[in-house]
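Here's the structure we're looking at; comments come further down.
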Amino acid sequence: MNICNIKLPIFLIIFIVHFGIYPSSCDMLEVLLPKRNSLSVVIPAYNEELWIERTVKCVTDSCKEAKLKDFEVLVVDDASTDATAEIATKNGAQVISVHNRNIGKNRNQGAKEAKFDTILFLDADSVVSGKDIKRSLALLNKGISLVTTFSRYDSHFPFVASLWCHFSNLCVSHLGWHGTAGGGTMFTDKKKFEKLGGFDCALFSTEDIDLIMRSRHRAFIHTDGYTSSRRHVKNGIFSGVFEWLANRNSTASDVWCKPNFRKTALLEGEIFQPLSCWERFYRFICPEVIHKQK
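Shown next as structure tokens:
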């Protein structure tokens, strides 16, 4: 190759870098990384016949609304004794039957079976919109390894518990504390997830928080979606807090013998509601945030 043929490109590169005529680092990453337009949705489930149809239908519609090239919905059924598997199959989901009694193992099994590079871990009583999906994939396209949501529950959530939820979200946004970060909706890259070792199966009910904290480059966003408040409605406003404190460092060996809060049929009404004035103000004082650790 004639050296004269490469002088001009080298000169141009030096000129561009010197005068700053180049895209920002995020824009450069977006150019270099492959565009994500396919999604594997992993939903762990145990005796969720009251909820699984709504969840599968909603995420299916949302994937279509997001105009994804392709997607799949995987329901990891952990030896349910009700009609969870049948209802999920009837609504177009692929059912993976396991007998783990461990939600971390169930999520990991779903990720192993996923055929696309991008995974959405979704709780069986949570919903996500097409807008949420598009925004999350756009963030992953910029190199963020995990996108999760601020904790948000339906309108039946008790007021005092709601205050605790908002306080914890403010701590996430302004202080970088992830002790009660929401894990009902988490988007991640499959290869990066595997590199982290997946969910820690020794933990119960905090395996999602543990994964969030181990992800070095994570984003917390506000969404249209939410999680059901069924356990708080049935078992008291602080049931989730006590459960988290009691089980955050324990194994799941005996936890499934306790009441599992599965039966609260609060299924009426529209799935996505307009934001109230209070929630708009709250989102203003609790901005979305991206955390990056060295």
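So the mapping is simple: our numbering equals the position in the sequence shown, first residue as 1, plus 28.
Each residue gets a CB set at the ideal place from its N, CA and C atoms; glycine is no exception.
Remember, predicted model here, so these are calculated numbers, not experimental data.
Whole-Å CB distance - residue i paired with residue j, under 8 angstroms assumed
i    : j    : result
S157 : F300 : 6 angstroms
D151 : D252 : Not quite, the Cβ-Cβ distance comes to about 16 angstroms (not below 8 angstroms), so this is no contact.
L168 : T146 : 6 angstroms
H245 : K320 : 5 angstroms
E77  : I115 : 6 angstroms
E81  : N119 : 6 angstroms
V317 : S201 : 5 angstroms
F144 : S66  : 4 angstroms
G211 : I237 : 6 angstroms
Same chain, Cβ closer than 8 angstroms to residue i, five either side skipped, listed in chain order
i    : result
A142 : S68, V70, E100, L102 and K218
I313 : L198
V126 : V104, D105, D106, A107, K133, N134 and Q137
C86  : V155, V156 and I299
W79  : A152, D153, S256 and L295
Cβ shell of residue i (< 7 angstroms), same chain only, five flanking positions each side left out
i    : result
F227 : G132, R135, N136, E235 and L239
F221 : A139 and I147
T88  : V101 and G120
N75  : S108, T109, D110, T112 and R290
L96  : N65, S66 and L67
R311 : H250
Close beta carbons around residue i, own chain, < 6 angstroms, minus the five adjacent residues each side
i    : result
C193 : S179
S243 : S173 and L174
R276 : Residue placement at R276 is poorly supported in this model, since its pLDDT is 46, which falls under 50; the coordinates still yield a value, given next. These residues qualify, in order along the chain: T234.
K286 : Because K286 sits at a pLDDT of 39, beneath the cut-off of 50, its placement in the model cannot be relied upon, and the point is left open.
S164 : V175 and F215
W306 : none
T83  : A152
F149 : V70, R135 and M214
T117 : V123
Neighbour-count burial assignment, residue i, 16 or more Cβ in a 10 Å radius
i    : result
A139 : buried
S304 : exposed
F359 : The structure shown has nothing for residue 359, since the chain only spans 29 to 322.
S183 : exposed
G225 : exposed
P302 : exposed
L203 : exposed
L191 : exposed
A230 : exposed
R64  : buried
R308 : exposed
P72  : buried
P315 : exposed
Continuous alpha helix (DSSP H) stretch holding residue i: start and end
i    : result
R311 : C305 to I313
V156 : Note, V156: premise wrong, no alpha helix (DSSP H); not H, not E.
A116 : T112 to K118
Q137 : I131 to E141
Residue interval of the beta strand (DSSP E) (run including residue i)
i    : result
T251 : Here T251 belongs to no beta strand (DSSP E), and DSSP marks it neither H nor E.
T177 : L174 to T177
Q122 : Q122 to V126
I299 : Per DSSP, I299 belongs to no beta strand (DSSP E) and is neither H nor E.
T146 : T146 to L150
K170 : K170 -> no beta strand (DSSP E), and no H or E assigned at all.
Runs of alpha helix (DSSP H) wholly within the segment 184-219 (minimum 4 residues, chain order): The qualifying runs are 187-203.
Can you list, in chain order, the stretches of the alpha helix (DSSP H) that have 4 or more residues and sit fully within the segment 220-247? Taking 4 residues as the minimum length, the alpha helix (DSSP H) runs contained wholly in the segment 220-247 are 235-242, in order along the chain.
What residue ranges within the segment 59-100 form continuous beta strand (DSSP E) runs of no fewer than 3 residues, ordered along the chain? Runs found: 66-73.
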